[in-house]
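What follows is one structure encoded as structure tokens, with my remarks underneath.
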Amino acid sequence: MQLSGLQTPSLGRSEAAEKRLFKNEENKEDNASCQGGFKHIKVTASIQSDAEDRDAEVVRRAQEEGCVNVVFPGTVTQEGCCRFVSEILKCILYQRQQLPMTYDQLVYSQRKQQASVQVNRKTDMDWRKCQQTLQELEEVLQQLEVLFSLSRVPRVLLLMGGSLVLPKELYEINMESLASSGGNQCLRVSSCLRQIFRTLFVADLLSDTRPVRLMPTTVLVLAHRDCGVGWFRPKLQFKVPTRVKKQIIVLSSDPNVCKEPRAEGSDWEDYVWFQAPVTIKGFSN
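Numbering follows full-length UniProt numbering, in which position 99 of the sequence shown is assigned residue number 99; successive positions increment by one, without gaps.
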């Protein structure tokens, strides 16, 4: 009986010690969890701050220098480069009020209207003007695909209004530092396009609150003189206009990620300007 009476307090102390130990472990886990949460918040805040700093630099360069840089974390294909130029061309035409809606919306609208039986005279005239603009644009896009299959294209110029010597607006797509290759290691075109248009959106390079009148758009491309392209016309004496403000979209590959050899200035010595024989006339409803 005495032994039994002596054991009871001992068991009580053991249970209390186990509870204290368990409580301490819980506190340690809670503290570790809180510390991990704080670290995650700090990392997230740091990433967000870095992104905001990059966006601020994009806006500054666009406003002060008229230049937007898009740096890809890898190589791209020639077909991808052609898609970049084509989509940027469509975007510029829409943003600069040369198309009443986006290219895809315009194509859909035309097909829908063409299927309609009742078309009045005014609507018919608008439809014909729109159809002409779409045909001109689609011809340029198709011929760009041919050219990109024949030669590297380090620079593309879009001249709007005025003349080749003194256009009203001038846009350049510069791909001199863009590493191009083939195979499955290249970046997906869709992800690159998202990066391009996000950067253009942040930079606000193409928007203008002032109304813009309709202007013809001429496309010039820099390609190898012996590439054998037949549709584009060589402009051997062409000089890039300097008396008009130029807006530049620079597409490049990150040299820290991409190990492909980068083109040097001397690599473009045998390249000349080619002009599209068709101008894209603006259209509005």
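Each residue gets a CB set at the ideal place from its N, CA and C atoms; glycine is no exception.
As the structure is a prediction and not an experimental result, all values here were calculated from the model.
- Relative to residue 217, the option among 113, 154, 163, 186 whose CA is nearest is 163.
- Judged by DSSP secondary structure, residue 197 falls within the alpha helix (DSSP H) whose first and last residues are 189-203.
- Taken through DSSP and simplified to helix, strand or coil, residue 278 comes out as coil.
- One thing to note: residue 276 has its Cβ within 8 Å of the Cβ of residue 219.
- The beta carbon of residue 167 sits closer than 7 Å to those of 159, 160, 161, 241, 244, all from its chain and outside the five residues before and after it, given in chain order.
- Residue burial is scored here from C-beta neighbours: residue 175 has at least 16 other C-beta atoms within 10 angstroms and is therefore classed as buried.
- Here DSSP, grouped into helix, strand and coil, assigns residue 132 to helix.
- The beta carbon of residue 143 sits closer than 6 Å to the beta carbons of 231 from its chain, once the five residues preceding and following it are set aside; these are given in chain order.
- The residues 150, 151, in chain order, have a CB closer than 6 Å to that of residue 227 in the same chain once the five nearest residues on each side in sequence are set aside.
- Residue 98 sits in coil when the DSSP states are folded into three classes, being neither helix nor strand.
- Excluding sequence positions up to five before and after residue 90, its CB lies within less than 6 Å of the CB of 103, all in the same chain and listed in chain order.
- Residue 237 is classed as exposed because its beta carbon has fewer than 16 other beta carbons within 10 Å across all chains shown.
- Residue state for residue 269 is assigned as coil, using DSSP reduced to three classes.
- With 16 or more other CB atoms across the displayed protein chains lying within 10 angstroms of its CB, residue 98 is buried.
- For residue 155, no alpha helix (DSSP H) run applies; the uninterrupted beta strand (DSSP E) run containing it begins and ends at 155-160, by DSSP.
- Judged by DSSP secondary structure, residue 107 falls within the alpha helix (DSSP H) whose first and last residues are 103-115.
- Residue 69 has its alpha-carbon roughly 13 Å from the corresponding atom of residue 204.
- In the DSSP assignment, residue 72 falls within the unbroken beta strand (DSSP E) covering 67-72.
- The beta carbons of residue 222 and residue 171 sit no closer together than 8 Å.
- Between residue 258 and residue 66 the beta-carbon gap is near 26 Å, outside 8 Å, which marks them as no contact.
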